[in-house]
Amino acid sequence: MKDSFSTYHPVVNLLFFVCVLTLSMVLMHPVCLGISFVAAFAYALYINGKKTLRFGLLFMLPMLLITALINPAFRHEGATILAYLPGGNPLTLESMLYGLAAAVMLLAVINWFSCVNAVMTSDKFVYLFGRVIPALSLVLSMSLRLVPRFKAQIKAISAAQSCVGRDVSNGGVLARARHGLRILSIMVTWAFENAIETADSMKSRGYGLAGRTAFSVFRFDARDGAALMTLLALAAYVIAGSVSGGLAFRYYPTLKAGALNAFTVSLFMAYAALCVLPLILNINEDAKWKAIKSTI
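Numbering-wise (our numbering), the sequence shown opens with residue -10 and increments by one.
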């Protein structure tokens, strides 16, 4: 499924992810954590499809349980004692809930970063930072391409080695180990050669020289301006509300949240609108496309 949000200007994409990632790590209110996690998972599911669902079942759910159990095992603050551990330390309700909140925050950030990897392509990083910090932008763009290229290359190497009976599934334990080391050696050699070729190519093109111009396909239009203004307005409102204490929540020594009033609810709604902004834009574009198709 095509992601319409990724077609927006790189400035809009970058500012959105900076806002949601920062707020996801700063706002520890349970409602905010839930909003961030659900929105991040829904957007990742929209972009990546079944891969996100499989990753959630195989890795995210066990990670949630493990992370939630680690905190009460090492932190024993809290006024509500549920039981005593074999070592004599208390197991408190507050430590368990804080561990669960930290786990949800971690999973939300992981999902947001999976969306960043899909939306913020290497050419966008080069466009945004190429003139300001050319070396760092090149490193970032190469890092984003590293894992997909390495996965594709190691599959090609493994397929080639399997044709001559040197795959990791051939032979005994020692033979498989030798075959795996040979594949790894070929992979490392390819990586070094590719890095040298990339460096020579960028140097021959004059990358990083003063006065060098660069071609770009990105243009900031009215659609990007509207999305940027909406994004900044929502983020500013949530940040201002958080600074004023509207999203305060305490885990230790006892659980305590701010008063639930119209202002707090409006902050929750603004934060939810901010987090689901890409999905709203995608749904709107999908509806427009379906309307156009129905007239053909």
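From the three backbone atoms N, C-alpha and C, an ideal C-beta is built for every residue, glycine too.
{"Check": "Arginine 171 in three-state terms, based on DSSP", "Outcome": "helix"}
{"Check": "Neighbourhood of phenylalanine 5 by C-beta, 6 angstroms cutoff - its chain only, sequence neighbours within 5 removed", "Outcome": "Leu220"}
{"Check": "Cβ neighbours of proline 61 in the same chain (closer than 6 angstroms, five flanking residues each side left out)", "Outcome": "Leu80, Ser84, Met85, Gly88"}
{"Check": "N-terminal and C-terminal residue of the alpha helix (DSSP H) that isoleucine 24 is part of", "Outcome": "19 to 37"}
{"Check": "Bridge partner(s) assigned by DSSP for proline 79", "Outcome": "Tyr73"}
{"Check": "Close-in-space but distant-in-sequence residues of the same chain around alanine 31 (CB under 7 angstroms, 5 per side omitted)", "Outcome": "Leu268"}
{"Check": "C-alpha gap between arginine 165 and threonine 41, whole angstroms", "Outcome": "32 angstroms"}
{"Check": "Which residues DSSP lists as bridging asparagine 194, in chain order", "Outcome": "Correcting the residue type first, residue 194 is arginine in the shown sequence and not asparagine. BP columns for arginine 194 are empty, so no partner."}
{"Check": "Cα-Cα separation between leucine 163 and valine 153, rounded to whole angstroms", "Outcome": "17 angstroms"}
{"Check": "Chain-order list of residues whose beta-carbon lies under 8 angstroms from that of methionine 109 (same chain, five-residue window excluded)", "Outcome": "Pro(-1), Asn2, Leu3, Phe6, Leu133"}
{"Check": "Anticipated Cβ contact below 8 angstroms, valine 98 with leucine 10, distance rounded", "Outcome": "6 angstroms"}
{"Check": "Endpoints, the alpha helix (DSSP H) within which glutamate 274 is located", "Outcome": "266 to 284"}
{"Check": "Whole-angstrom distance between alanine 141 and phenylalanine 48, CA atom to CA atom", "Outcome": "23 angstroms"}
{"Check": "Exposed unless 16 or more other CB atoms sit within 10 angstroms - verdict on glycine 76", "Outcome": "exposed"}
{"Check": "Buried or exposed by the 16-neighbour rule on C-beta atoms within 10 Å, applied to isoleucine 36", "Outcome": "buried"}
{"Check": "Sub-8 angstroms separation of valine 93 and phenylalanine 44 beta-carbons", "Outcome": "no"}
{"Check": "Delimiting residues of the alpha helix (DSSP H) encompassing alanine 224", "Outcome": "211 to 232"}
{"Check": "Contacting residues, own chain, Cβ-Cβ under 6 angstroms from glutamate 274 (five flanking each side not counted)", "Outcome": "Ser(-7)"}
{"Check": "Contact set for arginine 155: own chain, Cβ-Cβ below 6 angstroms, skip 5 residues either direction", "Outcome": "His168"}
{"Check": "Under 8 angstroms between C-beta atoms of alanine 216 and tyrosine -3", "Outcome": "yes"}
{"Check": "Unbroken alpha helix (DSSP H) run spanning lysine 113, endpoints", "Outcome": "111 to 118"}
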